[in-house]
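Residue numbers (our numbering), protein chains in the order written: chain V, 206 to 487; chain Z, 3 to 225.
No residue lacks a Cβ here, since even glycine has one placed at the ideal position from N, Cα and C.
Read the structure below first, then the notes.
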Amino acid sequence: MAQIPNVKHSKSILWAGIFLVVGIYLFAQRPTPLVDSESAGRVIPVEKMFRIVAAENNAARELYTKNIVGYGMKVGLGFSEKWREADVAAGPLPALFLREAATSIQKSRIPLGLFLGSDFPIARSNNFGSAQAERFKMMRASSKPQFFYSPDIKLQVAMFADLAVAPGCVTCHNEHPKSPKVDWKLGDIMGATTWSYPKDKVTLEEMVQIISAYRGGVVDAYEAYLAKAAKFSKPPEVGDRWPEDGYFLPSKDVFVKEFERRASGNTISLILQANSLLKVPD
Amino acid sequence: MTREGKLKAAYYFFGTVVALLGFATTMMADWQHIYAKGPANTGHAKLTCVECHVESPGTVRQQLQAKAHFWLGMRNTDVEFGHAKVGNQQCDACHSRDQDSHPVHRFLEPRFKEARAELGVQLCVSCHREHIGVRATLPETACSFCHNDLKLKADPIDVPHHVLIEVNNWASCLGCHDYHNNHRRTVQKSVKQAYSPSVIKAYMDGGPSPYGTEKKYPTKEGK
Numbered sequence: 206m207a208q209i210p211n212v213k214h215s216k217s218i219l220w221a222g223i224f225l226v227v228g229i230y231l232f233a234q235r236p237t238p239l240v241d242s243e244s245a246g247r248v249i250p251v252e253k254m255f256r257i258v259a260a261e262n263n264a265a266r267e268l269y270t271k272n273i274v275g276y277g278m279k280v281g282l283g284f285s286e287k288w289r290e291a292d293v294a295a296g297p298l299p300a301l302f303l304r305e306a307a308t309s310i311q312k313s314r315i316p317l318g319l320f321l322g323s324d325f326p327i328a329r330s331n332n333f334g335s336a337q338a339e340r341f342k343m344m345r346a347s348s349k350p351q352f353f354y355s356p357d358i359k360l361q362v363a364m365f366a367d368l369a370v371a372p373g374c375v376t377c378h379n380e381h382p383k384s385p386k387v388d389w390k391l392g393d394i395m396g397a398t399t400w401s402y403p404k405d406k407v408t409l410e411e412m413v414q415i416i417s418a419y420r421g422g423v424v425d426a427y428e429a430y431l432a433k434a435a436k437f438s439k440p441p442e443v444g445d446r447w448p449e450d451g452y453f454l455p456s457k458d459v460f461v462k463e464f465e466r467r468a469s470g471n472t473i474s475l476i477l478q479a480n481s482l483l484k485v486p487d
Numbered sequence: 003m004t005r006e007g008k009l010k011a012a013y014y015f016f017g018t019v020v021a022l023l024g025f026a027t028t029m030m031a032d033w034q035h036i037y038a039k040g041p042a043n044t045g046h047a048k049l050t051c052v053e054c055h056v057e058s059p060g061t062v063r064q065q066l067q068a069k070a071h072f073w074l075g076m077r078n079t080d081v082e083f084g085h086a087k088v089g090n091q092q093c094d095a096c097h098s099r100d101q102d103s104h105p106v107h108r109f110l111e112p113r114f115k116e117a118r119a120e121l122g123v124q125l126c127v128s129c130h131r132e133h134i135g136v137r138a139t140l141p142e143t144a145c146s147f148c149h150n151d152l153k154l155k156a157d158p159i160d161v162p163h164h165v166l167i168e169v170n171n172w173a174s175c176l177g178c179h180d181y182h183n184n185h186r187r188t189v190q191k192s193v194k195q196a197y198s199p200s201v202i203k204a205y206m207d208g209g210p211s212p213y214g215t216e217k218k219y220p221t222k223e224g225k
């Protein structure tokens, strides 16, 4: 084989050639690009997204606690930690209703995490560890939601106060044998919901998917309760009426309609606000 | 040809043969098992590879382009090459349960940071590493990461939980509790009735289940 006169020179020609070919292959004569989930349209900062779902959650939590659990207990419906067990004729407590919804959201493939915790928890497993306890203190002091980034899981995190919005919150916790605090009052910050999401902004389309995943979670949780209630030895009548009217439960559709009536107005105006503030220039 | 040239030609020839052989292997009907990293885990011998190893979206060329765009800042999200990482989603397709006392997603909360770092509790494959021919792997002290302050009011067992914890008897826990609480059974109340650590070890390695075979949420056979 003949000696190559200038090795350095020919090497750079070779590299230039490679870059040219790769460039043509990937850019000039390019294939249809893979969809970039973040490039299209308008974006909403993740804090706004969290505020929107947290408001939805407040509406669902208040509806379930006041109108199902609160009135329900008065007419003889039971609610318990052990509601999943076949021989316990009871529905989910508000905290477990929320956990039920959170589990369903997880199954929807929308990577939205939702947890409920406290610094004075009934269930030890709901106790805030160090990272959240500190944020929770800041929240108690400022009564403002907290937003931060959790680097090990690469998740954006938000914490919102969980308020004693119904008399049931206070009496049930104060009377619970495992409760470490027995002087809760109406309006107290009893704990916090912690939310997580992998991105720092979402598109409008993602926002809609997130809301529908959250609402799907609420529907699933309520359906799980109805399925359990159907197995009580004395099943409540399911239809248009609420526990306020007697030993009844609203059907899934009636419950969802009321929830949406309470949540939607607020959600839409929050989205419109977020969206007009942040138009991406074309 | 010089000696150097001959050597080069031989290398090229050899390289081509190896490449062709490799290519042919991937084309063979039963390529899967030749390729596998190790023996299937307990219960997984009959699964096809694609139940867990799904293709990333797009052609190789599209993936290359998207990667290049990402590196050049022309795209906001990165993409995966070839096969996507095996995630909880794949396992969930067959092992989904409405109730799990330790659901992976619960541990994405910031406060479980240490348990995530040490045990990877947020991912199925941390404890069920595939292709090593076992059922599960878990350090003996695993429960301590989250239950070290456990104290039951009116503890139902003869040696109370806080005593077991004081003496660091973490090996006892799985003797009475199955991790996912997916077996239909009653939890023992006496430490003497707890399965011994060696029985648990054998189960983790793929042996028979001391918790029985009846499951609350049975496994689905396919997606």
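Between alanine 429(V) and the rest of its own chain, which residues show a CB-CB distance below 8 angstroms, the 5 nearest in sequence each way excluded?
So the list reads Pro297 and Glu305, once near-sequence residues are dropped.
Given a cut-off of 8 angstroms on the beta-carbon distance, is the pair tryptophan 148(Z) and tryptophan 172(Z) in contact?
Residue identity check: residue 148(Z) is cysteine in the sequence provided, not tryptophan. Taking 8 angstroms as the cut-off, the beta carbon of cysteine 148(Z) is found no closer than this to the beta carbon of tryptophan 172(Z).
Can you tell me whether tyrosine 354(V) is helix, strand or coil according to DSSP?
In the structure shown, tyrosine 354(V) sits in a strand (DSSP, three-state: E or B).
Here's the rule I'm using: 16 or more other beta-carbon atoms within 10 Å means buried, otherwise exposed. How should lysine 349(V) be labelled?
Exposed, because fewer than 16 other Cβ atoms sit within 10 Å of the Cβ of lysine 349(V).
Mind pulling the chain V residues with CB within less than 8 angstroms of alanine 95(Z)?
Close partners of alanine 95(Z) in chain V (Cβ separation under 8 angstroms) are lacking, with about 11 angstroms as the shortest Cβ gap.
Inspect the beta-carbon positions of alanine 294(V) and glycine 283(V) and report whether they are closer than 8 angstroms.
Their beta carbons are under 8 angstroms apart, which means alanine 294(V) touches glycine 283(V) by this criterion.
Under a Cβ-count criterion, where at least 16 other Cβ atoms within 10 Å of its own Cβ denotes burial, should isoleucine 36(Z) be classed as buried or exposed?
Low local confidence applies: a pLDDT of 48 at isoleucine 36(Z) is under 50, so the model's placement there is unreliable, with the coordinate-based value given in what follows. Its Cβ having fewer than 16 others within 10 Å, isoleucine 36(Z) is exposed.
Could you give the residue range of the beta strand (DSSP E) that holds glycine 396(V)?
Annotation: the continuous beta strand (DSSP E) that includes glycine 396(V) extends over 394-402.
Within chain V, the residues that histidine 119(Z) reaches when beta carbons sit closer than 8 angstroms:
For the record, residue 119(Z) in the displayed sequence is alanine; it is not histidine. Simply Asp357.
With DSSP run on the structure shown, which of helix, strand or coil describes aspartate 32(Z)?
Because the pLDDT at aspartate 32(Z) is just 44, under 50, the model does not fix this residue reliably, and the value given afterwards should be weighed accordingly. Aspartate 32(Z) falls in the coil class under three-state DSSP.
Below 6 angstroms CB to CB, which residues in the same chain sit around leucine 268(V) once its five sequence neighbours on both sides are set aside?
So the qualifying residues of the chain are Phe464.
Compare the beta carbon distance of isoleucine 310(V) and methionine 412(V) with 8 angstroms and say whether it is the shorter of the two.
The Cβ atoms of isoleucine 310(V) and methionine 412(V) lie no closer than 8 angstroms to each other.
Expressed to the nearest angstrom, what Euclidean distance is found between the alpha-carbon atoms of serine 474(V) and arginine 256(V)?
Rounded to the nearest whole angstrom, the C-alpha separation of serine 474(V) and arginine 256(V) is 12 angstroms.
Note down the Cα distance separating threonine 398(V) from lysine 39(Z), rounded to an integer number of angstroms.
Here the alpha carbons of lysine 39(Z) and threonine 398(V) stand approximately 42 angstroms from one another.
Starting from lysine 406(V), trace the beta strand (DSSP E) both ways and give me its first and last residue.
From DSSP, the beta strand (DSSP E) with lysine 406(V) extends over 406-408.
According to the neighbour-count rule (16 or more other Cβ atoms, all chains shown, within 10 Å of its Cβ), is aspartate 487(V) buried or exposed?
Residue confidence for aspartate 487(V) is low, a pLDDT of 44 falling below 50, so the modelled location carries little weight and cannot support an answer.
For aspartate 357(V), which of Glu111(Z), Lys10(Z), Gln195(Z) and Thr139(Z) has the nearest alpha-carbon?
Here the closest residue by C-alpha is Glu111(Z).
Limits of the unbroken alpha helix (DSSP H) element including methionine 364(V)
First-last for methionine 364(V): 360-368, but that is the beta strand (DSSP E), not the alpha helix (DSSP H).
Verify whether the separation of the beta carbon atoms of valine 280(V) and glycine 422(V) is less than 8 angstroms.
Here valine 280(V) is not near glycine 422(V), since their CB atoms are 8 angstroms or more apart.
Measure the C-alpha to C-alpha separation of alanine 31(Z) and lysine 87(Z) and round it to an integer number of angstroms.
Residue confidence is low: alanine 31(Z) scores 40 on pLDDT, short of 50, so the model does not pin down where it sits. Its coordinate-derived value is still stated next. Linking alanine 31(Z) to lysine 87(Z) through their CA atoms gives a straight-line distance of about 23 angstroms.
In the DSSP assignment, the beta strand (DSSP E) including threonine 114(Z) goes from what residue to what residue?
Looking at the sequence shown, residue 114(Z) is not threonine but phenylalanine. Per DSSP, phenylalanine 114(Z) belongs to no beta strand (DSSP E) and is neither H nor E.
For glutamate 442(V), the residue or residues it bridges with in DSSP
Partner(s): Phe453(V).
Which ranges would you report for the beta strand (DSSP E) in the segment 291-349 of chain V if only whole runs of at least 3 residues count?
Correct list: 318-322.
Please classify methionine 29(Z) as buried or exposed, where buried requires at least 16 neighbouring CB atoms within 10 angstroms.
With a pLDDT of 46 at methionine 29(Z), under the threshold of 50, the modelled position of this residue cannot be trusted; read the value that follows with caution. Counting of Cβ neighbours within 10 angstroms places methionine 29(Z) among the exposed residues, the total staying below 16.
Identify whether isoleucine 473(V) lies in helix, strand or coil by the three-state DSSP scheme.
Annotated three-state conformation of isoleucine 473(V) is helix, per DSSP.
Which of the three DSSP states is assigned to lysine 153(Z) in this structure?
If DSSP states are grouped into helix, strand and coil, lysine 153(Z) belongs with coil.
Apply the 10 Å Cβ neighbour rule to glycine 222(V) and answer buried if 16 or more other Cβ atoms are within range, or exposed otherwise.
Note on glycine 222(V): under 16 other CB atoms within 10 angstroms of its CB, so exposed under the neighbour-count rule.
Beta carbons nearer than 8 angstroms to chain Z: which residues of the segment 396-416 of chain V have them?
Considering only beta carbons, the part of the segment 396-416 of chain V lying closer than 8 angstroms to chain Z consists of Thr399 and Ser401, in chain order.
Going by DSSP, what residues sit across from valine 161(Z) in a beta bridge?
Its beta-bridge partners do not exist; DSSP assigns none.
Apart from the five residues on each side of it in sequence, which residues of its chain come closer than 6 angstroms, Cβ to Cβ, to glutamate 442(V)?
Closer than 6 angstroms at the Cβ level, and outside the excluded window around glutamate 442(V), lie Phe453.
Name the residue from Lys222(Z), Pro162(Z) and Pro220(Z) whose alpha carbon lies nearest to the alpha carbon of lysine 194(Z).
Ranking Lys222(Z), Pro162(Z) and Pro220(Z) by Cα distance to lysine 194(Z) puts Pro162(Z) first.
Using only CA atoms, which one of Asp425(V), Lys433(V) and Gln478(V) lies nearest to threonine 308(V)?
If we check each option's Cα against that of threonine 308(V), Asp425(V) comes out closest.
Check whether the Cβ atoms of lysine 212(Z) and tyrosine 219(Z) lie closer than 8 angstroms to each other.
Note that residue 212(Z) is proline in the sequence shown here, rather than lysine. Cβ distance not < 8 angstroms, so proline 212(Z) and tyrosine 219(Z) don't count as in contact.
Can you give the Cα-Cα distance for glutamine 361(V) and glutamine 351(V), rounded to whole angstroms?
Going by the C-alpha atoms only, they are around 11 angstroms apart.
Please tell me whether tryptophan 400(V) and leucine 319(V) are closer than 8 angstroms, where the distance is taken between their beta carbons.
Yes, they are a contact pair.
With burial defined as no fewer than 16 other Cβ atoms inside 10 Å of the residue's Cβ, what is the status of threonine 270(V): buried or exposed?
By the neighbour-count rule (16 or more Cβ atoms within 10 Å), threonine 270(V) is buried.
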